[in-house]
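Residue numbers (the UniProt record's numbering): 1 to 244.
Yeah, the Cβ is synthetic: ideal placement off N, Cα and C, and Gly gets one too.
Notes follow once the structure below has been shown.
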């Protein structure tokens with residue numbers, strides 16, 4: 001009896017999603033302003049997969065979506081990303097953060113603000129919260145000063161929603177190891193450093209994102225399609241209620 005009941009619930013849920021998507025396709029939403037969503041979490045949490053799937057779902061209902069990342073979305077950012085990831089020269093924590101901030105400033109100037117001004121939906125792989133965790137919580141920089149610089153670099157713009165993909169350290173490490181093995185790659189210097197501090201980073205995200213009204217926490221160990229559907233439903237609900 002219980003299995004039949006659960007099967008009926010699943011079929012009802014699938015039917016509801018199909019009906020919802022059908023209505024959205026026949027009545028595409030008119031976006032009246034730009035929206036900014038960021039995806040946060042430690043290495044191996046599935047950010048890239050979520051961004052790809054979420055962008056496709058939004059595009060399927062005829063919404064204009066821009067996907068981007070920090071660092072490395074602009075030409076300047078690509079050079080900064082190479083410098084940050086490989087660390088060919090000794091770099092103090094403050095200099096490291098300011099390099100990320102420089103990338104962020106160019107990113108907002110060149111990609112994010114112009115996209116928002118065109119009433120587009122922007123989904124970004126990492127943003128200011130990653131700096132607060134990596135260089136602030138873990139490496140000890142003054143987070144209030146960092147927040148001021150981030151606000152300046154981001155032209156006072158904040159994400160409408162931060163999706164935090166929460167994962168345990170063992171699962172994250174296993175995913176990164178498998179990813180590098182699959183692509184026949186070794187971890188770059190920056191990645192090796194953060195993998196050594198994986199639990200600190202997870203604690204940092206848990207602490208910094210805790211209790212914030214614009215943060216939506218998702219279990220990153222769930223199936224990728226389920227995660228994407230959760231994020232999609234949250235975004236659509238947010239658009240319905242904030243499309244001024």
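Residue i and residue j closer than 9 Å at C-beta
| i | j | result |
| --- | --- | --- |
| residue 53 | residue 126 | no |
| residue 106 | residue 83 | no |
| residue 57 | residue 232 | yes |
| residue 149 | residue 98 | yes |
| residue 104 | residue 154 | yes |
| residue 35 | residue 239 | yes |
| residue 200 | residue 162 | no |
| residue 220 | residue 230 | no |
| residue 28 | residue 63 | yes |
| residue 173 | residue 197 | no |
| residue 67 | residue 55 | yes |
| residue 31 | residue 151 | no |
| residue 133 | residue 205 | yes |
| residue 93 | residue 141 | yes |
| residue 131 | residue 101 | yes |
From the options, residue whose alpha carbon lies closest to that of residue i
| i | options | result |
| --- | --- | --- |
| residue 135 | 172, 70, 95, 108 | 95 |
| residue 179 | 107, 29, 49, 87 | 49 |
| residue 122 | 110, 132, 133, 130 | 110 |
| residue 33 | 139, 154, 160 | 160 |
| residue 175 | 124, 42, 218, 133 | 42 |
| residue 129 | 202, 51, 67, 223 | 202 |
| residue 236 | 143, 61, 114, 118 | 61 |
| residue 156 | 243, 112, 226, 55 | 112 |
| residue 207 | 228, 143, 172, 171 | 143 |
| residue 158 | 170, 116, 169, 140 | 116 |
| residue 39 | 214, 177, 141 | 214 |
| residue 218 | 244, 168, 177 | 168 |
| residue 51 | 86, 228, 85 | 228 |
| residue 65 | 85, 108, 118 | 118 |
| residue 234 | 216, 171, 85 | 216 |
Residue environment, residue i, which counts as buried when at least 16 other CB atoms sit within 10 Å
| i | result |
| --- | --- |
| residue 88 | exposed |
| residue 81 | buried |
| residue 241 | exposed |
| residue 2 | Reliability fails at residue 2, whose pLDDT of 42 lies under 50, so the model's placement of it is uncertain and no value is given. |
| residue 211 | exposed |
| residue 44 | buried |
| residue 224 | exposed |
| residue 70 | buried |
| residue 72 | buried |
| residue 124 | buried |
| residue 59 | exposed |
| residue 5 | Because residue 5 sits at a pLDDT of 45, beneath the cut-off of 50, its placement in the model cannot be relied upon, and the point is left open. |
| residue 13 | Reliability fails at residue 13, whose pLDDT of 47 lies under 50, so the model's placement of it is uncertain and the value that follows must be treated cautiously. Answer is exposed; the Cβ neighbour count stays below 16. |
Beta-ladder partner(s) of residue i, from DSSP
| i | result |
| --- | --- |
| residue 124 | 38, 68 |
| residue 219 | 166 |
| residue 161 | 37 |
CB contact check: residue i to chain E, cutoff 9 Å
| i | result |
| --- | --- |
| residue 115 | Absent here is chain E; the protein component of the structure consists of one chain. |
**Message:** Going residue by residue through the segment 23-63, where are the continuous beta strand (DSSP E) segments of at least 3 residues, counting only ones entirely within it?
**Reply:** DSSP runs (the beta strand (DSSP E)) wholly in the segment 23-63: 35-40.
**Prompt:** Which ranges would you report for the beta strand (DSSP E) in the segment 104-154 if only whole runs of at least 3 residues count?
**Reply:** Runs found: 121-125.
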